[in-house]
Every structure is written in structure tokens, then in C-alpha cells.
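**Q** Position one of the sequence shown corresponds to residue 13 (the numbering used here), numbered consecutively onward.
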Amino acid sequence: MTQGQGDYRILQEAALRDYLASLPDITALLGGAPAAWVITEVGDGNLNLVFIVKGARGGIAVKQALPYVRLVGESWPLPLSRAHYEYLALSRQARLAPGLVPALLHHNETLALTVMELLEPHIIMRKGLVAGACYPRFVDDITTFMARTLFFTSDLALPAAEKKEAIAAFAGNHALCKITEDLIFTDPYRIAEQNRWTTPHLDALAASLRDDMELHVAISRLKLKFMASPEALLHGDLHTGSIMVTEGETRVIDPEFAFYGPMGFDVGAVLANLLMAYFASAGHERAPGERRDFETWVLETVEQAWGGFAQKFLDLWRSGANGDAYPVSLFAGEKGAARLEAERQAYMQRLFTDTVGFAAAKTIRRIFGLAHNIDFELIEDPRKRAISEARAVRLARGMMVEAVAFRTILDVTGAARKLRDWQPELSG
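1. If you follow the alpha helix (DSSP H) that arginine 86 is part of, which residue opens it and which one closes it?
2. Since leucine 245 and alanine 270 are thought to touch, with beta carbons under 8 Å apart, how far apart are those beta carbons, to the nearest angstrom?
3. Just mark arginine 5 as buried or exposed, buried being the case when its beta carbon has 16 or more other beta carbons within 10 Å.
4. Taking the beta carbon of methionine 225 as the centre, do at least 16 other beta carbons fall within 10 Å, making it buried, or is it exposed?
5. DSSP puts phenylalanine 163 in a beta bridge; with which residues?
6. Provide the residue span of the alpha helix (DSSP H) that contains phenylalanine 63, from first to last.
7. If you follow the beta strand (DSSP E) that alanine 73 is part of, which residue opens it and which one closes it?
8. Can you tell me which of Asp37, Thr313, Ala299, Leu188 puts its alpha carbon nearest to the alpha carbon of histidine 247?
9. Mind listing, in chain order, the continuous beta strand (DSSP E) runs of no fewer than 3 residues lying wholly within the stretch 241 to 311?
10. When the Cα of phenylalanine 364 is compared with those of Arg406, Val424, His384, Ala402, which residue comes out closest?
11. Look up tyrosine 80 in the DSSP assignment and give the residues it is bridged to.
12. Under the rule that 16 or more other beta-carbon atoms within 10 Å means buried, what is asparagine 334, buried or exposed?
13. Output yes or no for whether 7 Å exceeds the beta carbon distance between alanine 372 and alanine 398.
14. Taking all protein chains shown into account, do 16 or more other C-beta atoms lie within 10 angstroms of the C-beta of tryptophan 209, making it buried, or fewer, making it exposed?
15. I believe alanine 284 touches threonine 375 by the beta-carbon criterion, under 8 Å. Please report the beta-carbon distance rounded to the nearest angstrom.
16. Who are threonine 126's beta bridge partners in DSSP?
17. Anyone know if the C-beta pair for arginine 377 and proline 200 falls short of 7 Å?
18. According to the Cβ coordinates, are valine 310 and leucine 286 closer than 7 Å?
19. Between which residues of its own chain and leucine 438 is the CB-CB distance below 6 Å, once the five residues before and five after are set aside?
20. Let me make sure I understand the geometry here. Which of Ser166, Glu315, Val151, Asn185 has the alpha-carbon closest to that of serine 241?
21. Under a Cβ-count criterion, where at least 16 other Cβ atoms within 10 Å of its own Cβ denotes burial, should histidine 298 be classed as buried or exposed?
22. Can the beta-carbon of phenylalanine 370 be found less than 7 Å from the beta-carbon of phenylalanine 306?
23. Going by C-alpha distance, which of Tyr99, Ala124, Thr420 is nearest leucine 116?
24. Can you have a look at glutamine 323 and say buried or exposed, based on whether 16 or more other CB atoms are within 10 angstroms of its CB?
25. Put threonine 313 into one of helix, strand or coil per three-state DSSP.
26. Would you report the Cα separation of asparagine 385 and valine 340, rounded to the nearest angstrom?
27. If you compare alpha carbons, which of Thr367, Thr313, Ala172 is closest to lysine 235?
28. DSSP three-state label for threonine 192, please.
29. Strictly by DSSP, which residues pair up with isoleucine 135?
30. Within 10 angstroms of its Cβ, does aspartate 387 collect 16 or more other Cβ (buried), or is it exposed?
31. I'd like the list of long-range same chain contacts for arginine 29, defined as Cβ closer than 7 Å, with 5 residues on each side in sequence excluded.
32. If you follow the alpha helix (DSSP H) that threonine 375 is in, where does it begin and where does it stop?
33. Tell me whether glutamate 98 sits in a helix, a strand or coil according to DSSP, three-state version.
34. What are the boundary residues of the beta strand (DSSP E) that valine 413 is part of?
35. Excluding sequence positions up to five away, which residues of its chain have a Cβ less than 7 Å from the Cβ of isoleucine 64?
36. Alpha carbons only, please: which of Glu315, Val264, Leu90 is nearest the one belonging to asparagine 58?
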């Protein structure tokens, strides 16, 4: 159910209770008297309020956008319309990848508020990775999510007119895109007020990024690709903090950065966050080598995430390519089929090169930009944290500047393994 009446106001506990009590479907789902509902604000992200509401019969999650960046405050205003784009993206993802996003229960566009299925006993995947947990269902689920949401919103699956209308539907989400353009593709490579890093240990490394012209060219090319290549509907922020898991289930949440962009951005975000979990792991050890099994699983998951995604994407292309790109009529007969298959492989190689570059960009921004990962942040010893971060940055710099040298996913994981015990020179 969607509503749009009334004026925007920030709903704290009492106001939220009254609002939910006015919704018969939600009241029935929660059960009991509204006065007895337990409401807890749990938002630990950078932008929004998030509440868990529990009644006698069940529970829900409620997310409300704030008119500013929560991490910074009212000095950084942000459009409430991002809640609309998140709702729109979740609706489309639910159709394309059923069971892999939370069920939508209610949306009020004016209040920038969405009520969703309460995911229990799921936890934020990043928290599980910090603890060294492995998730056997993750690869199959995330590769299905990425392959289906990216393929079926691309020119490979859609008529050109439908694709252009879809691009237009998300084009207004440019304020969130601007955050990405600045925080990922620009600020870490210059002096910016919001930047921070593990100081003083990474001071010299931070300065080197600002002087590295080859890196500046590489990140600028990626930024242009991000801005000018509306290949498919992206989640836009697909990291391990936007994925909730149990051993048997995966749910992708928080697509408020959704827009039409280059596919490699989403795929690269997943790989980058797994690689950061790998490099952070040593900093969480209580005894040398105790997390080696976890680290082996993480790198195997990186390999399988790309391999599974590529295979599923190609399978969809071979069986469901009804879009206006690569029209079947141009590839008739055995000769045409063979040539089209060769082009599919070339397409995936280009997509892999994009993925490698975007993964590098996501890594560097999490170490030198505004919003960091708890993978590194929860390493208590700052020197150990800096060592883990420097290893990740060394790999990322190579992946970005020499992306074409990484021809396969094994090149990426092989390079990561070589850096596992590398000892960087730190400042301070």
C-alpha cells in the first residue's frame, strides 16, 4: 500500500506508534494494543532512521528518510525523494529476484517512510564477517540477485523505449549519485574536509594518492563510466552492510542509491567488500593463523561470486535476450550463433575489467573517504588496522591502474593472497 497525503514530519516513537496504529493492515500484523508495541530505533547507517516495531503477533521494520545526511547533520541537506527511489527499486528487485529482498508492506511518499518485513534472525553480513562467520548460501543468492536485476533491466532484455523510460524513472535520484561521484571518485584523491584515515600511520599513503596522476586518470575514467553509462538498474550501494544473512538466507536491503549505471559498479562493490573483509581478518586475530579457514572461504567466495554471476548472466542472455541490443536476426544460423557467443564472452571480459576497477575504487574510498567499514574500524590496534588497510590499498591501486592485467578473478585473489603477509612501511 502506498500513501502520499499529509506533510512531512520526523516520526519519533510516539508519533510513529500513532501513525502505524492508523494502518489497519499493519495493526493486524503486529497484533495487540498499540500502547504495548515495543519500538526500538536501530539505525546505524549514515542517512536514515530505522525502527523495529514488535507486537503480540509479529514485527516490522520501518525506515524513514531524514532531510539531511544523518552521519553529518543538518549542514548536509538531502532530498527526501530518495525514499521513493528506494521503494521503486525494491519493488522492481522483488519482481526480478523474488525472495532476495524484504517484503514491502506500506509506503508513504510524503513522509518518506517505508514499512517492510522484519528480517529475523538475519544479521548485517559485515558484522558476521568481522566475527569470522561463513555463509554457505551467500554466493548462490547474491549471484542470482545480481544476474537477474542487472540482465533484466538492460538493453539485452528490454526494448529500447522501455529501457529509456526506466532510466527516466530513476533520473531524479541525482543527489544520491552526486554523493557517490564525490565520495568515491573524487574526494579520496584530493584534500577534502570529510576525508579521514588511520593517522599518522597512513599519512604518507594518503599523500601519495593525492600525487598519483596515473591513479587520478584511472579514477576519472571510472567516474565518467559511472556518470555516462546507464547499462542497467543498479542497487548503487551493494556492500556487505546492505546485505542481511543467516546461514540459509540472504536479503539485499537499502537500495536508496538506485539508478541506471554501469553493471560493474554493483558487482565490484560486492567483490571489494569481500576483499576488505579478507585483509581486515588478520587484524581481528587473537592468535596467529586462527582465521585462516575463514580467509580461505572469503577468497573462494570472491572467485565464486564473479564466476557464478558471469555464468548466470550468460545463461539469461542465451535464453532470454528479447531486448533491442544484439538482435537475433543479425546472428542467424550456426555461423551467427558462434559469432554471437564469442561476442558474449568479449562483453563479459569488458564487464570484468569494469568490475575490477570499481572494486578498487570502493576499497580506497572506504579507507580514505568519509564513511568507513567496521571490518577495519573494529581493529582496536591502530597500527594493525593501518597494516590491513595498506595491504588492501596496494591491491586496489594495482587493480585500478592496471585493470586489464587482471584477466580473470584468479588474478585478483592470487594478488590478494600474495599481499596477506606483506609488511608496509607506515608513517609515524
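All residues carry an ideal CB built from backbone N, CA and C; glycine is no exception.
**A** Based on what the coordinates show:
1. The residue you asked about is not arginine; residue 86 is glutamate in the sequence shown. Not the alpha helix (DSSP H): glutamate 86 falls in the beta strand (DSSP E), residues 85 to 89.
2. About 6 Å; that satisfies the 8 Å criterion.
3. Outside the displayed range of the chain (13 to 440) lies residue 5, so it cannot be described from this structure.
4. Methionine 225 sits exposed, since fewer than 16 C-beta atoms from the chains shown fall within 10 Å of its C-beta.
5. For phenylalanine 163, DSSP records no beta bridge to any residue.
6. Looking at the DSSP string, phenylalanine 63 is not in any alpha helix (DSSP H); the run it does join, the beta strand (DSSP E), is 60 to 66.
7. Looking at the DSSP string, the run of the beta strand (DSSP E) that includes alanine 73 is 71 to 77.
8. The candidate whose alpha carbon is nearest that of histidine 247 is Leu188.
9. Listed in chain order, the complete beta strand (DSSP E) runs (minimum 3 residues) inside the stretch 241 to 311 are 244 to 246, 255 to 257, 262 to 264, 271 to 273.
10. When the alpha-carbon of phenylalanine 364 is set against those of Arg406, Val424, His384, Ala402, the nearest one is in Val424.
11. Note: tyrosine 80 sits in a beta bridge opposite Pro89.
12. That one is exposed.
13. No Cβ-Cβ contact shorter than 7 Å links alanine 372 with alanine 398.
14. Buried, by the Cβ-count rule.
15. Here alanine 284 really is in contact with threonine 375; their C-beta atoms are around 5 Å apart, less than 8 Å.
16. In the DSSP output, where bridge partners are listed per residue, threonine 126 has Lys75, His119.
17. In this structure, arginine 377 lies near proline 200, with their beta-carbon atoms less than 7 Å apart.
18. In contact: valine 310 and leucine 286 (Cβ atoms closer than 7 Å).
19. Within its own chain, the residues whose Cβ lies closer than 6 Å to the Cβ of leucine 438, once the five positions on either side in sequence are excluded, are His213, Ala398, listed in chain order.
20. Taking the Cα of serine 241 as reference, the smallest distance to any Cα among Ser166, Glu315, Val151, Asn185 is reached at Ser166.
21. With the sequence shown as reference, residue 298 is identified as arginine, and histidine is not the correct amino acid for it. Sixteen is the threshold: since fewer than 16 other Cβ atoms of the shown chains lie within 10 Å of the Cβ of arginine 298, the residue is exposed.
22. Their beta carbons are not under 7 Å apart, which means phenylalanine 370 does not touch phenylalanine 306 by this criterion.
23. Taking only the C-alpha atoms, the option nearest leucine 116 is Tyr99.
24. So glutamine 323 ends up on the exposed side.
25. Residue state for threonine 313 is assigned as helix, using DSSP reduced to three classes.
26. A direct Cα-Cα distance of roughly 45 Å separates asparagine 385 from valine 340.
27. That would be Thr367, whose Cα lies nearest to the Cα of lysine 235.
28. Reduced to three states, the DSSP call for threonine 192 is helix.
29. According to the DSSP secondary-structure assignment, isoleucine 135 is paired through a beta bridge with Val257.
30. Around the C-beta of aspartate 387, 16 or more other C-beta atoms lie within 10 Å, and the residue is accordingly described as buried.
31. These residues qualify, in order along the chain: Pro46, Trp49, Ile51.
32. Residues 345 to 380.
33. Glutamate 98 falls in the helix class under three-state DSSP.
34. Membership of valine 413 in any beta strand (DSSP E) is not indicated; the residue belongs instead to the alpha helix (DSSP H) covering 394 to 413.
35. The answer, listed in chain order, is Thr52, Val54, Gly71, Ala73, Leu130.
36. When Glu315, Val264, Leu90 are compared, the shortest CA-CA separation from asparagine 58 is found for Leu90.
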